[in-house]
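Note that the working numbering has the sequence shown beginning at 18, numbered continuously upward.
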Amino acid sequence: MSDDDLSDTILTVALSNIAQCNAGTSPENRLPSAMFAKVVDKLALAICITDTDAKILYANSAFTRLTGYSHAEVMGKDAAILSHNSTPVRVYDQMWTQLKQQQSWTGLLVNRSKKDAVYLAELTVAPLVNDAGVTTHYLGMHRDVTEIHQLEQQVLNQKVLIESMVDAAPTFIALLDENGRIILSNQAYKALAEDMRGREPAAELLRSLQEILGESFAPEQRRSFADQEVSFEPGGAESTRWFACSGTWFRERDVRADAFFKPIRQTYLLLIANEITTLKHQQEAVQMNAMRALLAEQERVRSMREALEGAIFQLQAPMNLIAAAYDMMERRSGVRGDNLALRHALQQALDASRQALDKLQNSMPEIPPEAVVPVNINHLMREVLSLCTQRMLAGGVVVEWQPTSVLPAVPGREGRLRGMFKQLLDNALDAMEHHRSEQRELRITTRLQG
């Protein structure tokens, strides 16, 4: 009998334990044991059968291809010829413990081929038990999972590296699905969420971005954006926080099994926000100085206009009296020419007064026209409060500032609105100082209605 015939015989005997399903079928439907042997030999999975001492009695073609050993080289040899010293002893101990309890074992081993090529094997060993309940053979099935393991480790290493880099980044990073749910976020983002007292930072930022970007932020557009400045009002004593937001939309293929033949792509938004509050404060300090100078100039112009308008009003009264006297004398004198010298003097005075009045009106400074632009009321009120900070501190005024976190911009003339709010605030402070009230509190609230 040849070695192949001997192997087939051993395999047939061993597989008789597996082919118990034949017992319940009619003779004409039973599969011959020889056919089992051929099927096993054609399998792409490396299969071997050993005795209870781990001596190899059978190996299929996939086994010889994977290990590099021929049938003749492995027959009767201990399966340990495939073992590599990098596999811990405890792994083998665990395997044999389960096998002696007639339990299957599945695990990973580091194996070595005939050419000393080391590979990672996913091994399943099952005990073959006869009718008497005695283990007669062991069925081993293994495959090379080295490449899969390498890919898994590379993906895991990249995941850990990316997560470490993302967590270490000082910027706020969040990954959102198309419904706005947070899929992934870094530590900086989580810290921001705590600062916002339970409000979701991404939702607040996206609401402001939608207001700024308009239609380009619509779901059907999915346009990326960069360095969009967004402000957030925490309320209370905290100052406005500013963020420069960038976002990139991308699509990822669904990894679920039911999407294999019908690819489904999920849409995600990678949102990155850099806090620029400090930079904004520096810019606002420069702007505030310029604004103070501008408001001082506007106040000077307003005072000058009021003074000139008062002077014009004061001149108009005597000028009207002179004009009335001249008209009365003109009617009474008629053609006789009485009081001609007086009337001439009155006419000269009236002409001089009119010239002076015209000069005053022409010298009145004009208020430059201002274009209508989108105005952030919260930002405007914050500027006005900053302008009056020194006066409020000196007067012991407590300000309760309760802005709505996000307000849509309204069209208006920013300079005039700022001047109006400044005047209202000055009036309130003047009233407090005039009445000398002990409780000096100023409540300012912005809210969205309609």
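All C-beta atoms in this analysis are idealised placements derived from N, C-alpha and C, irrespective of residue type, glycine included.
* Give a yes or no on contact between the region 287-295 and the region 184-192, applying the rule of three or more CB pairs nearer than 8 Å. => yes
Practice task
Take the Cβ of S87 as the centre, count every other Cβ of all protein chains shown within 10 Å, and call the residue buried at 16 or more, exposed below.
Solution key: Indexing the sequence shown from 1 puts residue 87 at position 70. It counts as exposed.
Next on the checklist: In chain order, what are the residue ranges of uninterrupted alpha helix (DSSP H) at least 4 long that sit wholly in the region 319-396?
Outcome noted: 357-380
- prompt: Going by alpha carbons, who is nearest to I64 out of F80, I394, L168?
  reply: Translated into the one-based positions of the sequence shown, residue 64 becomes position 47. The residue with the shortest Cα to Cα distance from I64 is F80.
Please determine, among A76, M305, V423, D161, the residue with the shortest C-alpha to C-alpha distance to E228. The residue given as residue 228 occupies position 211 in the sequence shown. Nearest C-alpha to E228: V423.
_Per-residue DSSP class, three states only, for M92_ = Within the sequence shown, the letter at position 75 stands for residue 92. Three-state result, M92: coil.
**Prompt:** What number of angstroms, rounded off, separates the C-alpha of S320 from the C-alpha of T265?
**Reply:** One-based indexing of the sequence shown puts residue 320 at position 303. One-based indexing of the sequence shown puts residue 265 at position 248. The straight-line gap from Cα to Cα measures roughly 53 Å.
Q) Per DSSP, what kind of secondary structure is N39 in: helix, strand or coil? A) The residue given as residue 39 occupies position 22 in the sequence shown. For N39, the predicted structure reports a pLDDT of 48, less than 50, and the residue's modelled location is therefore unreliable. The matter cannot be settled from this model.
| In three-state terms, what does DSSP make of R464? | As a working note, residue 464 is residue 447 in the sequence shown. Correct three-state label for R464: coil.
Beta-carbon proximity check, L325 vs L367, cutoff 8 Å: Translated into positions along the sequence shown, residue 325 becomes position 308. Translated into positions along the sequence shown, residue 367 becomes position 350. Result no, Cβ atoms of L325 and L367 do not sit closer than 8 Å.
* So, is D20 buried or exposed, given that buried needs 16 or more other C-beta atoms within 10 angstroms? -> Along the sequence shown, one-based indexing puts residue 20 at 3. Bear in mind that the predicted position of D20 carries a pLDDT of just 48, short of 50, making it unreliable; the figure below should be weighed with that in mind. The C-beta of D20 has fewer than 16 other C-beta atoms within 10 Å across all chains shown, which makes the residue exposed.
- When you compare each of G85, E383, I461, Q118 to K132 by their alpha carbons, which one comes out closest? Here residue 132 refers to the residue found at position 115 when the sequence shown is read from its first residue. The option with the nearest alpha carbon to K132 is G85.
| Quick one: Cα of A186 to Cα of T406, how far? | Here residue 186 corresponds to residue number 169 of the sequence shown, with the count starting at 1. Here residue 406 corresponds to residue number 389 of the sequence shown, with the count starting at 1. If you take the alpha carbons of A186 and T406, they lie about 36 Å apart.
(Q) Using 8 Å as the threshold, is the C-beta distance between V183 and N203 below it? (A) On the sequence shown, residue 183 is found 166 positions in, with the first residue counted as 1. On the sequence shown, residue 203 is found 186 positions in, with the first residue counted as 1. Yes, they are a contact pair.
Original post:
Rounded to whole angstroms, how far is the Cβ of A138 from the Cβ of L126, which I believe are closer than 8 Å?
Top reply: As a first step, residue 138 is located in the sequence shown; it is residue number 121 there, counting from the start. As a first step, residue 126 is located in the sequence shown; it is residue number 109 there, counting from the start. Contact holds; Cβ gap of about 5 Å.
- Task: Can you give me the start and stop residues for the beta strand (DSSP E) that Q456 sits inside?
- Result: Sequence index remark: in the sequence shown, residue 456 carries index 439 (1-based). Where Q456 is concerned, there is no enclosing beta strand (DSSP E), given that its DSSP letter is neither H nor E.
Taking the C-alpha atoms as reference points, what is the distance between V30 and Q170?
-> To locate residue 30, count along the sequence shown from 1; it is residue 13. To locate residue 170, count along the sequence shown from 1; it is residue 153. With a pLDDT of only 47 at V30, under the threshold of 50, the placement of this residue in the model should not be trusted; the figure read from the coordinates follows. Straight-line Cα distance between these residues: approximately 41 Å.
| request: May I ask which residues mark the beginning and end of the beta strand (DSSP E) holding L145? | output: On the sequence shown, position 128 is the one that residue 145 refers to. Note, L145: beta strand (DSSP E), 135-146.
*asked:* Going by DSSP in three states, N77 sits in which element: helix, strand or coil?
replied: Counted from its first residue, the sequence shown places residue 77 at position 60. Residue state, collapsed to three classes: coil.
Find out if the Cβ-Cβ distance for the pair Q245, R268 is shorter than 8 Å. By one-based count along the sequence shown, residue 245 stands at place 228. By one-based count along the sequence shown, residue 268 stands at place 251. Result no, Cβ atoms of Q245 and R268 do not sit closer than 8 Å.
Determine the contact status of F242 and L223, defining contact as a CB-CB distance below 8 Å.
The count along the sequence shown starts at 1 and reaches residue 242 at position 225. The count along the sequence shown starts at 1 and reaches residue 223 at position 206. No, the pair does not count as a contact, with Cβ atoms beyond the cut-off.
Review point. Would you say K94 and I73 are within 8 Å of each other, going by their C-beta atoms?
Key: Stepping through the sequence shown from its first residue, residue 94 is reached at position 77. Stepping through the sequence shown from its first residue, residue 73 is reached at position 56. Contact: yes.
Using CA coordinates, which residue listed in R239, D443, V427, R322 is at the minimum distance from Q466?
-> Taking the sequence shown and counting its residues from 1, the one referred to as residue 466 is at position 449. Of R239, D443, V427, R322, the smallest CA-CA separation from Q466 is found for V427.
field: DSSP-derived helix/strand/coil call for T188
entry: Mapped onto the sequence shown, residue 188 falls at position 171. Of the three classes helix, strand and coil, the one that applies to T188 here is coil, per DSSP.
- Classify N306 as buried or exposed, calling it buried when 16 or more other Cβ atoms lie within 10 Å of its own Cβ. Mapped onto the sequence shown, residue 306 falls at position 289. Classification for N306: exposed.
Query raised in the report: For Y206, which residues of its own chain have a beta-carbon under 7 Å away from its beta-carbon, when the five flanking residues on both sides are left out?
Result: To locate residue 206, count along the sequence shown from 1; it is residue 189. Beyond the five residues adjoining it in sequence on each side, Y206 comes within less than 7 Å, by CB distance, of F189, I190, A191, P218 in the same chain, given in chain order.
*asked:* Rounded to the nearest angstrom, what separates G436 and H452 at their Cα positions?
replied: Here residue 436 is taken as the residue at index 419 of the sequence shown, counted from 1. Here residue 452 is taken as the residue at index 435 of the sequence shown, counted from 1. Taking the straight line from one Cα to the other gives about 24 Å.
Quiz item: For S130, which residues from the same chain have a beta carbon less than 6 Å from its beta carbon, with the 5 sequence-adjacent residues on both sides left out?
Solution: Here residue 130 corresponds to residue number 113 of the sequence shown, with the count starting at 1. Result list for S130: T84, G85, in chain order.
Span of the beta strand (DSSP E) around I289: The residue labelled residue 289 in the question sits at position 272 within the sequence shown. Unbroken beta strand (DSSP E) run through I289: 282-292.
Coil, strand or helix - A302 by DSSP | Indexing the sequence shown from 1 puts residue 302 at position 285. It is helical.
- Query: DSSP on L424, reduced to helix/strand/coil?
  - Reply: As a first step, residue 424 must be located in the sequence shown, where it is residue number 407. Coil at L424, not helix or strand.
Quick one: using the 10 Å Cβ neighbour count with 16 as the cut-off for buried, is A76 buried or exposed?
-> In the sequence shown, the residue the question calls residue 76 occupies position 59. By the neighbour-count rule (16 or more Cβ atoms within 10 Å), A76 is buried.
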